[in-house]
Amino acid sequence: MKRTCGLLFGLCSLLQSLYAGAICEYKIQQAQDGLNAYEQKASKDPAKLQEARDDLARLLEHCDDTEVLAEVAEYITYTKSQLTSANIALAQAKESSDKSAIHQATLAQKIAHRQYIAARQEELRLKDLLKPKP
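The opening residue of the sequence shown carries number 417 in my numbering; numbering runs sequentially from there.
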């Protein structure tokens, strides 16, 4: 059964890649690799396994490069907003001179900054996939 599902998803991936753009091909491959890795784990959460299968099926059913880029742009806007809020909170904590508050705000700011950078890197990675290959 597991082998049949893997072959079916593989065939669907191949068919989808014929119609999908470069970004969708990348996302489908990521989802397939993630599902395969999760299936190899000794202890699996059945709900998470089903979620991974559903995510892959959703991508195979419908994926549009422009929609993926729009989602990434939306996430970048969100992370930038989070970073701005974290910077404001850090400035307020520094004004209060409360060492604990400064420490917490610094950690929150570092996390927000890393999330923003990761989102921007993902955007660049996806845009690179759209560039014609020499």
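Backbone N, C-alpha and C define an ideal beta-carbon position, used for all residues, glycine too.
Less than 9 angstroms divides the Cβ of residue 502 from the Cβ of residue 528. With fewer than 16 other beta carbons inside 10 angstroms of its own, residue 494 counts as exposed.
Around the beta carbon of residue 504, fewer than 16 other beta carbons sit within 10 angstroms, so the residue counts as exposed.
For residue 470, the enclosing alpha helix (DSSP H) begins and ends at 462 to 477.
Residue 470 and residue 498 have their alpha carbons spaced roughly 29 angstroms apart. Taken atom to atom, the span from the alpha-carbon of residue 509 to that of residue 442 is near 42 angstroms.
Apart from the 5 residues on each side of it in sequence, residue 521 sits with its Cβ closer than 6 angstroms to the Cβ of 505, 506, 509 in its chain, given in chain order.
Ranked by Cα distance from residue 480, the first of 444, 450, 452 is 444.
Relative to residue 476, the option among 446, 518, 515, 517 whose CA is nearest is 446. Counting only residues of its own chain and dropping the five nearest sequence neighbours on each side, residue 449 has no CB closer than 7 angstroms to any other CB.
Counting only residues of its own chain and dropping the five nearest sequence neighbours on each side, residue 536 has a CB closer than 7 angstroms to the CB of 492. Between the alpha carbons of residue 550 and residue 531 lies a distance of about 32 angstroms.
A residue is called buried when at least 16 other Cβ atoms come within 10 angstroms of its Cβ; residue 451 meets this threshold and is buried.
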